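Quick note on the numbering used here: the sequence shown kicks off at 11 and runs consecutively.
Idealized CB from N, CA, C, for every residue including glycine.
Treat the numbers as computed from the prediction; the structure is a model and nothing was measured.
Here the structure is laid out as structure tokens; the discussion comes afterwards.
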Amino acid sequence: KTAGTDAGRSWWSELPKLYLDNPSNEMTWRVAGQGVLHFTQMAWGKTYKIGCGIATHCDGGRTLIVICHYSPGGNMVGELIYEKGYPCKTNKHCRTGKCSTKSGLCKK
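Below you can see the structure in the form of structure tokens.
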């Protein structure tokens, strides 16, 4: 539980550290070269499935490896990372009918 949460936080933290101003919100080779591909994949707007696994004892127990697969995959050069919009406030704002008012995002 902790290793997966820590990995997710680490990947999401790439945003303020490395992600340069990108007003078009488009995945470009410049964006890809900034070392933010974990963040952009997590934020990829068309991705709605994720599966993660943790491997332990790979080198005698000193290392944990966290791997996640996303579907549909993202980080496609020339596509938007996510659609910009206003946060949802009620379920009627979401095509799925489910608004997380805490995050302002629609849930499936």
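| Query | Result |
| --- | --- |
| Buried versus exposed call for Gly-63 [16 or more other C-beta atoms within 10 Å across all chains shown] | exposed |
| Glu-36, DSSP secondary structure in three states | strand |
| Rounded Cβ spacing between Gly-55 and Tyr-92 (contact assumed at less than 8 Å) | 3 Å |
| Among Gly-70, Val-87, Asp-16, Tyr-58, nearest to Leu-47 - alpha-carbon criterion | Val-87 |
| Cys-98 classed as buried or exposed, judged by whether at least 16 other C-beta atoms fall within 10 angstroms | buried |
| Contact check, Thr-106 vs Lys-117, beta carbons under 8 Å | yes |
| C-alpha distance - Lys-59 paired with Cys-78, whole-angstrom precision | 10 Å |
| Cα-Cα separation between Gly-45 and His-67, rounded to whole angstroms | 27 Å |
| Per-residue DSSP class, three states only, for Val-46 | coil |
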